[in-house]
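Chains A and L are the protein sequences, given in the same order. Residue numbering for the first sequence follows the working numbering, beginning at 8 and increasing consecutively. Residue numbering for the second sequence follows the working numbering, beginning at -2 and increasing consecutively. For glycine and all other residues, C-beta sits at the position ideal for the given N, C-alpha and C. Just so it is clear, the structure is predicted and the values come from calculations on it, not from any experiment.
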Amino acid sequence: MNTFSNQQIDPRSLPDAEAIEYQGVLPVYYKGLVASTLLSWGGIAIMSTIASLLLDWPWVAILISVGLCLVLAIGNFMLLGAAYRYRCYAIREHDIHIRQGIIRGVQATIPYKRIQQVSITQGLIARRLGYHNLAIWTSSTNAGEMYIKGLERTEAERIKAYILAQIRSDEQA
Amino acid sequence: MSRQALVVMLCGLLNIRSLITTGLFLVSILVWSKGAETNGWVLGGAIGLVLVQSILRPIVRYFSLRYWVEGGLLHLAHGWLSKHKLTIPLSRIHSLSTESNMWYQATDMVGLKIDTKATEGVELELILTQAEYDTLYQVIAQEERIYLEHASQEEATPPLEEPSSQPSGMEAVDIASPSAVEPKIISYQLWDLIRAGLTGNHIKGIWLIAYVVYKGFEEIRSLLPESTITRQIIQYSKSLGHSPQVMQWVEDGIAIAIGLFVVLLASAVIQTGIYVWQYWQAEVEISPKRIVLSRGLSTRIKQVIRRKQAVSISFKTNILESLVGTKTLQVDLARSSLSDKDESNKFRLRGWQDEASILDWWQVSPREIQRGLRSRWYIWRLHLLIGLAGALALGAFVAWLTYRGELTWHWQLLSTLPLVLCGGYGWSLYRHGSVRLTARHLHITQGGWARQETWIPYESVGMISLRQAIWQRGTNTCSLEISTLGSTYRIPALGRGEASELRNVLLYIIEV
């Protein structure tokens, strides 16, 4: 019979998630960010032009909306570099950490035990630039999937295989 | 053309969503053209786009889809332009269901839906021949058998919920053994239901009470000439010498306020009536493994909440509920455990008074609290600043109108309203925000005007996030987000270092 033990744990002795060394994503991902932002603002510009032509807006309204869009777009592009540098991830023995976002920065921690499925995706821009995105799906309703974007194919495959192995070993433990 | 292709095309074409989308698209084009002659190519193009989307998308998805089972994993790859490769451990598959509409039957195919807990929808839909379906089902069932055998070995050791004997030298834990508890029955009387209906939404409830008070006040005032409050306000405004423009604003404002008043009043009365109707003679039976609620006047409904389905238990107390001493009980269910994905995963019961019996059922002892954190003053200061900015802006506007001679300085009182509202809300957030660890549960209190107290077992915690917005960096605070199978809970303005330490402890608890 195993001896029952219930030792007190000092929280300061636990592995500190703040001390993690995060890994950045591929530099080419920055180009992907710029391209997708350009596409988004291009779409807004086209839709606004069509709307202003169809609705016959006065020139003052068009000028104000164009000015506002320009300011927002410039602000968005200025933040892209910082957003790229802030986006990173770290793999630990029992969980995975993802850091992203500038305005409302988030550090998400997903224990392997709670991961449901993993997928590797590659959209049009990612295919052109040659990077991959890894999506991790947890069982949490509102959290949905968490993405590690801007990975090399081999790196994405390696992380995926490691997560799946951890899930399997957790089930067998 | 293969049978699969035929079924995919037919299902895509006759998909109810695509029909509705096409219909709505046509209606919107006709409405937009306002009866004028609609350009033929625009209409044709729009219909073509919708139909191509309805048919082409499922076909592209279907024929680019490849799946295979290898090493206990189900792999899927699909997409031509945009590539997706999904891997699901077979043990994580939550349900397998088959569909057989008339197209499937005509072509002798089977529609298979594979679902995990990852999303609220179905992860994968396949159209297979009977032989393909049988093979895939066998592989998944085989994997599940291995998993179940392993799980049954784990269950051979006595679970913590029902200890067979107390280990010697172990301190007694204040948790009643569920098997020893007799089912407890709590019945609702008519007054309980009316009170619950009225207090469920405090804004509407306050409005109803305000109306009753107002009517009483008006009855007394009606003994005097020129008595109604409305007339008094208008006369008072006139006496202050406001311009006709401002008098028009006052009259419009009063009309809008009366309209809002009537809508809220009707809504409060109707909702209370509906609540009484739906929960007539409500009876709650609390057994160790389930809660059974019987209710209803026209149709007697019996709702069963199993302990295994429940993810968290919450008690919500708004201003009115705290005055009358009741709470709203909320049980969050695992979304994935529901057979109907559109069904609400929240079970709510207003007017609850017996908090202790539910905490017993959930095996919570409030005295177990070991360590915890509270929201910091910063959250109140932030809301005061927002309120102050609003007050200054409104004050400047009122001052401008006063300078133009359209308002008197009395109206400056109105500019304090944003400060009072934001300050009050921020104070409530500060007072209510806390997170604590107990032996088995995470205890979270949160909320603005209404306080919500939640107990989440550690095994239900799915993801932990620390959020730090730009404006929080200077104060070194952050918000802690706990995502579960049912909901996400957020505790604002915690100290960054302490929240990080709490996350470390939580991760340790989850792992062990």
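Nearest neighbour of residue i, chosen from the options [CA to CA]
i	options	result
A:I98	A:S146, A:L21, A:I170	A:I170
A:E162	A:P18, A:L33, A:S20, A:R19	A:L33
A:I117	A:H104, A:I127, A:W48, A:I51	A:H104
L:H81	A:L77, A:Q179, A:V125, A:T44	A:V125
A:R92	A:Q173, A:G112, A:L75	A:G112
L:G430	L:S476, L:F394, L:I467, L:R470	L:S476
A:L21	L:V502, L:V509, L:I507	L:V502
L:H407	L:S234, L:C419, L:R54	L:S234
L:E96	L:A103, L:T104, L:K110	L:K110
L:Y505	L:E456, L:W468, L:E478, L:R470	L:E456
L:T113	A:E152, A:G108, A:C95, A:R134	A:E152
L:L418	L:E403, L:H438, L:T405, L:L382	L:L382
L:F60	L:A193, L:L78, L:D249, L:A353	L:L78
L:G197	L:E122, L:K313, L:Q186, L:Y101	L:K313
L:I310	L:I453, L:A279, L:T84	L:I453
C-beta atoms of residue i and residue j nearer than 8 Å
i	j	result
L:Y276	L:L190	yes
L:I271	L:V281	no
L:S372	L:A490	yes
L:G459	A:T145	yes
L:L320	L:R345	no
L:S412	L:G384	no
L:P86	A:I174	yes
A:I136	A:I127	According to the sequence shown, residue 136 of chain A is Leu rather than Ile. Contact flag unset, no.
L:I479	L:Y427	no
L:W359	L:T323	no
Spatial distance of residue i from residue j (CA atoms)
i	j	result
L:S497	L:G108	47 Å
L:R368	L:I461	18 Å
L:I267	L:L195	10 Å
A:L62	L:L21	21 Å
L:G45	A:A58	22 Å
A:I71	L:L237	39 Å
A:H101	A:K156	21 Å
L:R58	L:S94	20 Å
L:H91	A:N83	41 Å
L:E120	L:R89	12 Å
L:N342	L:L330	5 Å
A:Q30	L:A307	37 Å
A:A24	L:W374	25 Å
A:A89	L:A115	31 Å
L:L463	A:Q114	5 Å
Where residue i sits in the DSSP three-state scheme
i	result
A:K167	helix
L:G270	helix
L:L261	helix
L:G420	helix
A:T145	strand
L:T84	strand
L:P241	helix
L:P180	coil
A:W64	coil
A:P3	An answer regarding residue 3 of chain A cannot be provided, because it is not within the stretch 8 to 180 covered by chain A.
L:R437	coil
L:H199	helix
L:K114	coil
L:S97	coil
8 Å Cβ cutoff, residue i in contact with chain A
i	result
L:I172	Its pLDDT being 35, under 50, L:I172 is placed unreliably by the model, and the measurement read from it follows with that caveat. Closer than 8 Å: no.
L:E508	yes
L:N501	yes
L:L389	no
L:Q163	Annotation note: pLDDT 36 at L:Q163 (below 50); position unreliable, coordinate value reported separately. No, no contact with chain A.
L:T113	yes
L:A466	yes
L:I461	yes
L:S79	yes
Short CB-CB distance (under 8 Å) between residue i and chain L
i	result
A:V113	yes
A:I166	no
A:Q123	yes
A:P118	yes
A:A90	no
A:G74	no
A:I98	no
A:R175	yes
A:G130	yes
Proximity test, residue i beta-carbon vs the ligand NAP heavy atom, cut-off 7 Å
i	result
L:T132	Judged by which ligands are present, the structure shown has none, so any question about the ligand NAP falls away.
C-beta neighbour in chain B for residue i, strict 8 Å
i	result
L:T104	Here the protein chains are A and L, and chain B is not one of them.
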